[in-house]
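Peer 1: In this note's numbering, the protein residues as written are 6 to 201.
Using N, Cα and C, we set each Cβ at its ideal position, and we do this for glycine too.
Note that the structure is a prediction, hence the values are computed from the model and not measured.
Written out as structure tokens, the structure is:
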């Protein structure tokens with residue numbers, strides 16, 4: 006299973022989430038909003054040091070639909086530049102805000118594009134129990150789960166989900182590790198919703 010988090014980092018919630026994941030030996034993938042990296046550099050460095058995958062969720066959380074190549078290069082490039090200066094040159098995969106990107110955007114992305122197969126819409130009511138129940142009823146081997154590490158309720162849900170699914174024999178890995186485990190070779194400009 007790959008559990009993924011969008012819209013961070015946010016000090017109050019992301020810090021608690023990282024501590025909970027570390028306690029459980031669980032890996033996750035974080036799609037960061039570039040403008041929120043400043044002031045949270047230590048959290049981003051901690052993500053890397055603890056074995057999590059880090060990706061781009063654009064600089065300003067913009068919709069990548071019908072935008073120019075220049076806009077995509079700026080939104081994605083600025084975030085990648087911030088991550089590279091902080092963490093070094095790695096591949097920072099893209100998750101487009103709202104899960105929306107057109108064919109032109111895919112061509113210009115410059116990385117694999119990660120969507121999801123399980124979305125409990127944790128932002129709607131921020132109800133921990135409902136989010137946990139929704140994920141547990143839809144998850145399967147190879148799933149990519151979408152959550153947001155900016156809500157306390159989602160941090161609580163993520164840790165409960167990790168406990169419940171670990172008890173069923175699942176392990177939590179990064180999206181890249183999940184694809185590798187399933188023999189999938191990630192390609193730039195290709196969308197990945199799950200690993201099957």
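Between which two residues does the beta strand (DSSP E) containing residue 154 stretch?
Peer 2: Within the chain shown, the letter at position 149 stands for residue 154. Run containing residue 154: none; DSSP gives neither H nor E here.
Peer 1: Looking at residue 153 and residue 35, is the spacing between their C-beta atoms short of 8 Å?
Peer 2: Residue 35 sits at position 30 when you count from the first residue of the chain shown. Residue 153 sits at position 148 when you count from the first residue of the chain shown. Not a contact, by the Cβ cut-off of 8 Å.
Peer 1: In or out: residue 71 buried (at least 16 other Cβ within 10 Å) or exposed?
Peer 2: In the chain shown, counting from the first residue as 1, residue 71 sits at position 66. Residue 71 comes out exposed.
Peer 1: For the region 77-130, which segments carrying the alpha helix (DSSP H) assignment without a break, of at least 4 residues, lie completely within its bounds, in sequence order?
Peer 2: Listed in chain order, they are 108-114 and 127-130.
Peer 1: Closest by CA to residue 127, which one among 149, 96, 86 and 163?
Peer 2: As a working mapping, residue 127 is identified with position 122 in the chain shown. The residue with the shortest Cα to Cα distance from residue 127 is 163.
Peer 1: Spatial neighbours of residue 191 within its chain, please: C-beta separation below 6 Å, excluding the five flanking residues on both sides.
Peer 2: Residue numbering aside, residue 191 sits at position 186 when the chain shown is read from its first letter. Counting only Cβ-Cβ distances below 6 Å, and skipping sequence neighbours, we find 117 and 184.
Peer 1: Let me know the secondary structure DSSP gives residue 163 once reduced to three states.
Peer 2: Residue 163 sits at position 158 when you count from the first residue of the chain shown. Here residue 163 sits in helix by DSSP.
Peer 1: Name the one or two DSSP bridge partners that residue 8 has.
Peer 2: In the chain shown, residue 8 corresponds to position 3, counting from 1. DSSP lists 150 as partners of residue 8.
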